[in-house]
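Numbering (full-length UniProt numbering), first residue to last: 1 to 273.
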Amino acid sequence: MDSTNFDKMFNRKAAEYLNANGKKDDDLMEREVRIPEHMLPKKIVLDDDDAKKEKKMVEENEEELGKTIPEQILEAYKNQNYFKALAVAEPTADDIGDPIWPVTVAELSKAFRKRSLLTHPDKNPGDKKAREAFDVLSECHQKLKNEETKREALNAFAKKAFERMCADDPELRARATKMRERKEAGDFQTEIKRQREEGMEKRKRKEEMKMKSKNRRGKEEDEDEEARKRRALLEDEEEEEEKKNDDDEDKNAVERVQAALLKKKKKKKSFLF
Numbered sequence: 001m002d003s004t005n006f007d008k009m010f011n012r013k014a015a016e017y018l019n020a021n022g023k024k025d026d027d028l029m030e031r032e033v034r035i036p037e038h039m040l041p042k043k044i045v046l047d048d049d050d051a052k053k054e055k056k057m058v059e060e061n062e063e064e065l066g067k068t069i070p071e072q073i074l075e076a077y078k079n080q081n082y083f084k085a086l087a088v089a090e091p092t093a094d095d096i097g098d099p100i101w102p103v104t105v106a107e108l109s110k111a112f113r114k115r116s117l118l119t120h121p122d123k124n125p126g127d128k129k130a131r132e133a134f135d136v137l138s139e140c141h142q143k144l145k146n147e148e149t150k151r152e153a154l155n156a157f158a159k160k161a162f163e164r165m166c167a168d169d170p171e172l173r174a175r176a177t178k179m180r181e182r183k184e185a186g187d188f189q190t191e192i193k194r195q196r197e198e199g200m201e202k203r204k205r206k207e208e209m210k211m212k213s214k215n216r217r218g219k220e221e222d223e224d225e226e227a228r229k230r231r232a233l234l235e236d237e238e239e240e241e242e243k244k245n246d247d248d249e250d251k252n253a254v255e256r257v258q259a260a261l262l263k264k265k266k267k268k269k270s271f272l273f
């Protein structure tokens, strides 16, 4: 007997020996040739945590199925889940706790239009909840278009997602802290470099303007010697003052960047811990 025919026979026999609940039929087992235990389908055994999660998921799905779309939207809005209200993917988190949300502006607008059509008052006459849902959809859409409110919503979901990740991987939090410190150090150096380059460009433009001004003054033949000396002295003083101001600007820029990153770091620490 070739392997194909053997597989067919085995599947037929296995189906006969198992009833609809996946239990062995003892009567058939007595009458027919027994199939070895190790060849019977294995039962999937869930641990307590997995069983609880599965039960909760089933209950949530059953509860969700019992609600109309307007009711689902209003419930999501009440829980500040603007993503669920608009039926778009919810944010997740990366390994340092920053939010990941790949939904584009175009996809967000498309989802908003689809949900709006489902809850439009003209399509749901006399349905007060549909009217309410239609109104809150606009608010949800605006909150995810506005950078500030979108960032708040993304961070809130990322925080929850990151906490779940840390629960599954107890060492993740420590790794995330180290990775974030390295990232912020790199951001700090990049910002310092940018501000220094801006300062150099600013000083270069000032020098070019001075040279043009000096060239114009050099062409003035009727200017007396005393006036030139006074102007030269004044220009030297102005140059010293500008140099001092530029140095102060560089110092202040560094201090501003340090303060900003320190503030950001404190926020992230409260997020991670």
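All C-beta atoms, glycine included, are put in the ideal place defined by N, C-alpha and C. Being a predicted model, the structure only gives us computed values, none of them experimental.
Complete runs of the alpha helix (DSSP H) confined to the region 83-122 [at least 4 residues] = Here the runs fully enclosed are 105-119.
Can you name the start and end residues of the alpha helix (DSSP H) that D135 belongs to?
-> Start and end: K128 to K145.
C-alpha distance - F134 paired with K206, whole-angstrom precision = Straight across, the Cα-Cα distance linking F134 with K206 is about 58 Å.
What are the boundary residues of the alpha helix (DSSP H) that Q72 is part of?
-> DSSP places Q72 inside the alpha helix (DSSP H), whose first and last residues are I69 to K78.
Among P121, P102, Q195 and K202, nearest to E90 - alpha-carbon criterion = Taking only the C-alpha atoms, the option nearest E90 is P102.
Take A176 and list the residues in its own chain whose beta-carbon comes closer than 7 Å to its own, dropping the five residues that flank it on each side.
-> Take A176, set aside five residues on each side of it, and the residues of its chain with a beta-carbon closer than 7 Å to its own are D95, I96, G97 and L272, in chain order.
Give the straight-line distance between the Cα atoms of R131 and T119, rounded to the nearest whole angstrom.
-> In a straight line, the C-alpha of R131 is about 7 Å away from that of T119.
Taking all protein chains shown into account, decide if R182 is buried (16 or more other Cβ within 10 angstroms of its Cβ) or exposed.
-> When all chains shown are included, R182 counts as exposed.
Straight-line gap, A167 to M179 (C-alpha atoms, nearest Å) | For A167 and M179, the distance between alpha carbons rounds to 18 Å.
Sequence-distant residues of its chain with Cβ nearer than 6 Å to V33 (five each side left out) = A caution first: V33 carries a pLDDT of 49, below 50, which makes its placement in the model unreliable, though a value can still be read off. By the criterion of a C-beta distance shorter than 6 Å, V33 is surrounded by no residue of its chain, once the five residues flanking it on both sides are discounted.
Please work out which residues of its chain come closer than 8 Å, Cβ to Cβ, to I100, disregarding the five sequence neighbours upstream and downstream, and give them in chain order.
-> Excluding residues within five positions, the ones whose Cβ falls inside 8 Å are P91, T92, A93, D94 and A158.
Among R173, V88, T190 and Y82, which residue has its Cα nearest to the Cα of Q142?
-> Of the candidates R173, V88, T190 and Y82, the residue whose Cα lies closest to the Cα of Q142 is Y82.
Flag this pair as yes or no: are the beta carbons of S116 and L144 separated by less than 8 Å?
-> No, the pair does not count as a contact, with Cβ atoms beyond the cut-off.
Determine the contact status of K129 and L74, defining contact as a CB-CB distance below 8 Å.
-> The answer is yes: Cβ separation under 8 Å.
What is the DSSP secondary structure of E171, counted as helix, strand or coil?
-> If DSSP states are grouped into helix, strand and coil, E171 belongs with coil.
Please classify G199: does DSSP put it in a helix, a strand, or coil?
-> Annotated three-state conformation of G199 is helix, per DSSP.
Which residue's Cα is closest to the Cα of F112: A85, N124, G66 and E184?
-> Selected option, being the one with the closest Cα: A85.
Which class does G186 belong to by DSSP, given the choice of helix, strand or coil?
-> Residue state for G186 is assigned as helix, using DSSP reduced to three classes.
Where does N124 sit, in a helix, a strand or coil, going by DSSP?
-> Coil at N124, not helix or strand.
Look at D127 and P70 and say whether their C-beta atoms are less than 8 Å apart.
-> A contact, by the Cβ cut-off of 8 Å.
Rank E139, K204 and N146 by C-alpha distance to the C-alpha of V105 and give the top, closest one.
-> Of all alpha-carbon atoms in E139, K204 and N146, the one lying nearest the alpha-carbon of V105 is that of N146.
Determine the DSSP secondary structure at N155, reduced to helix, strand or coil.
-> In the displayed model, N155 falls within a helix according to three-state DSSP.
Around the C-beta of A185, are 16 or more other C-beta atoms found within 10 angstroms, so that it is buried, or is it exposed?
-> Counting of Cβ neighbours within 10 angstroms places A185 among the exposed residues, the total staying below 16.
If we count the other Cβ atoms within 10 Å of its Cβ and call it buried at 16 or more, is E234 buried or exposed?
-> Looking at the sequence provided, one finds Leu at residue 234 rather than Glu. L234 is classed as exposed because its beta carbon has fewer than 16 other beta carbons within 10 Å across all chains shown.
Alpha carbon of M211 to alpha carbon of I192, nearest angstrom | Distance between the alpha carbons of M211 and I192 is about 29 Å.
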